[in-house]
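Student: The structure is given below, and queries will be raised subsequently.
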Amino acid sequence: PAGDPEVNYIQKFTFATTGNATDISNLTLSRDAPSGQSSIGNGYGYTSGGNATTDRIEKFPFSTDANATDIGNLTLARWGVAGQSSSTHGYTSGGRNPVVTNLDVDGIDKFSFATDGDATDVGNLTQLKGSPAGQQSGASGYASGGYLYPLYSDRIDKFPFSSGFNTATDVGDLTLARSDACGQSSATHGYTSGNYPITSDIDKFPFSSDADATDVGDLAVTRGIACGQSS
Numbered sequence: 004p005a006g007d008p009e010v011n012y013i014q015k016f017t018f019a020t021t022g023n024a025t026d027i028s029n030l031t032l033s034r035d036a037p038s039g040q041s042s043i044g045n046g047y048g049y050t051s052g053g054n055a056t057t058d059r060i061e062k063f064p065f066s067t068d069a070n071a072t073d074i075g076n077l078t079l080a081r082w083g084v085a086g087q088s089s090s091t092h093g094y095t096s097g098g099r100n101p102v103v104t105n106l107d108v109d110g111i112d113k114f115s116f117a118t119d120g121d122a123t124d125v126g127n128l129t130q131l132k133g134s135p136a137g138q139q140s141g142a143s144g145y146a147s148g149g150y151l152y153p154l155y156s157d158r159i160d161k162f163p164f165s166s167g168f169n170t171a172t173d174v175g176d177l178t179l180a181r182s183d184a185c186g187q188s189s190a191t192h193g194y195t196s197g198n199y200p201i202t203s204d205i206d207k208f209p210f211s212s213d214a215d216a217t218d219v220g221d222l223a224v225t226r227g228i229a230c231g232q233s234s
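Residue numbers (the numbering used here): 4 to 234.
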């Protein structure tokens, strides 16, 4: 958002123990509200889009603390995007286009983990929405909530990784309409935590069936516009 500082830090913290993060390297461009993807198979983290009017896709290694490199571009510059990861590809969905007066978009972009290159537009969410939260199961990507001008969305969208055209379907609702929430994924469930307007609610929805989310707890502090990680 206007007036907030944009940074290029990459920070790392361990899953094995509790502790503070360390600053280990940098993105090629300072930005806020990008999406994140992870490829465990080839050992890289990815960042795509962001508030610096960028369509850039960057990757950085998990094995060493090193700076990110620019490896390709999204089909459209956007910020406030959701990120999803299959075993072979990264996905960037929804968001806002800063070039076109912050127009909300519904596009789903897909890029390969095996080779560096540009993304392709492979489908659409069910709504034009900025700042949804992203989750993934082994077979599908999810985009939950989002900013649906001038309102907020409670919709949980789901799209398949297997098909060539990854159009989403509406599979349920969050307990609260929200945008700028964190997305997390376990082996069996997706989680949407925090949001704007500010709340501490943690919602949980199943991957095995299409269903509404349930409120299963609260964050330690209320927050929005944060990011989520999954072990």
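Even glycine gets a Cβ: it sits at the ideal position worked out from N, Cα and C.
1) Among the candidates Gly141, Ser28, Leu77 and Leu32, whose CA atom is the shortest distance from the CA of Ile43?
2) Just verifying my parser: in three-state terms, what is the DSSP assignment at Pro37?
3) Write down the C-beta distance between Gly137 and Gly75 rounded to the nearest angstrom, noting that I regard them as a contact closer than 8 Å.
4) Whose C-beta lies closer than 7 Å to the C-beta of Gly126 among residues of the same chain, with five residues either side of it excluded?
5) Taking the Cβ atom as the reference point for each residue, do Phe63 and Ser28 lie within a distance shorter than 8 Å?
6) Along the beta strand (DSSP E) that carries Asn11, what are the first and last residues, could you check?
7) Whole angstroms are fine: how far does the CA of Thr191 sit from the CA of Ala214?
8) Where does Ile43 fall in DSSP's three states?
9) Helix, strand or coil for Tyr155? Go by DSSP, reduced to three states.
10) Pull up the distance between the alpha-carbon of Gly83 and that of Asn54, whole angstroms please.
11) Which of the three DSSP states is assigned to Lys161 in this structure?
12) In angstroms with no decimal places, state the Cα-to-Cα distance between Thr50 and Lys207.
13) Using only the alpha-carbon positions, how far apart do Tyr152 and Arg99 sit?
14) Given Gln14, which residues of its chain have a CB within under 6 Å of its CB, disregarding the five upstream and five downstream residues?
15) Could you have a look at Pro209 and say whether DSSP puts it in helix, strand or coil?
16) What's the C-alpha gap between Ser156 and Pro37?
17) Helix or strand or just coil, what does DSSP make of Pro4?
18) If you run the structure through DSSP and keep just helix, strand and coil, what is Lys113?
Tutor: Taking the geometry as given:
1) Your numbering for residue 43 matches position 40 in the sequence shown. A check of alpha carbon separations from Ile43 across Gly141, Ser28, Leu77 and Leu32 identifies Gly141 as the nearest.
2) On the sequence shown, position 34 is the one that residue 37 refers to. Under the three-state reduction of DSSP, Pro37 is assigned to coil, being neither helix nor strand.
3) Here residue 137 refers to the residue found at position 134 when the sequence shown is read from its first residue. Here residue 75 refers to the residue found at position 72 when the sequence shown is read from its first residue. No, Gly137 and Gly75 are not in contact; Cβ-Cβ is about 19 Å, not under 8 Å.
4) As a working note, residue 126 is residue 123 in the sequence shown. Ile111, Phe162, Phe168, Asn169, Thr170 and Ala171.
5) Walking along the sequence shown from the start, residue 63 turns up at place 60. Walking along the sequence shown from the start, residue 28 turns up at place 25. Against a cut-off of 8 Å, the Cβ pair of Ser28 and Phe63 comes out as a contact.
6) Here residue 11 refers to the residue found at position 8 of the sequence shown. Here the beta strand (DSSP E) through Asn11 covers Val10 to Lys15.
7) Stepping through the sequence shown from its first residue, residue 214 is reached at position 211. Stepping through the sequence shown from its first residue, residue 191 is reached at position 188. Ala214 and Thr191 have their C-alpha atoms roughly 13 Å apart.
8) Taking the first residue of the sequence shown as position 1, residue 43 is located at position 40. When DSSP states are grouped into helix, strand and coil, Ile43 belongs to the coil group.
9) Locating residue 155 in the sequence shown gives position 152, counting from the first residue. Strand.
10) Start at 1 with the first residue of the sequence shown, and residue 83 comes out as number 80. Start at 1 with the first residue of the sequence shown, and residue 54 comes out as number 51. Taking the straight line from one Cα to the other gives about 8 Å.
11) Taking the first residue of the sequence shown as 1, we reach residue 161 at position 158. Reduced to three states, the DSSP call for Lys161 is strand.
12) Locating residue 50 in the sequence shown gives position 47, where the first residue counts as 1. Locating residue 207 in the sequence shown gives position 204, where the first residue counts as 1. Taking the straight line from one Cα to the other gives about 25 Å.
13) The sequence position of residue 152 within the sequence shown is 149, counting from 1. The sequence position of residue 99 within the sequence shown is 96, counting from 1. If you take the alpha carbons of Tyr152 and Arg99, they lie about 11 Å apart.
14) The residue labelled residue 14 in the question sits at position 11 within the sequence shown. The beta carbon of Gln14 sits closer than 6 Å to the beta carbons of Ala24 and Asp26 from its chain, once the five residues preceding and following it are set aside; these are given in chain order.
15) Taking the sequence shown and counting its residues from 1, the one referred to as residue 209 is at position 206. The answer is strand: DSSP assigns Pro209 an E or B state.
16) The residue labelled residue 156 in the question sits at position 153 within the sequence shown. The residue labelled residue 37 in the question sits at position 34 within the sequence shown. If I take the Cα positions, the gap works out to 19 Å.
17) Looking up residue 4 in the sequence shown gives position 1. Residue confidence for Pro4 is low, a pLDDT of 46 falling below 50, so the modelled location carries little weight and cannot support an answer.
18) Residue numbering aside, residue 113 sits at position 110 when the sequence shown is read from its first letter. Reduced to three states, the DSSP call for Lys113 is strand.
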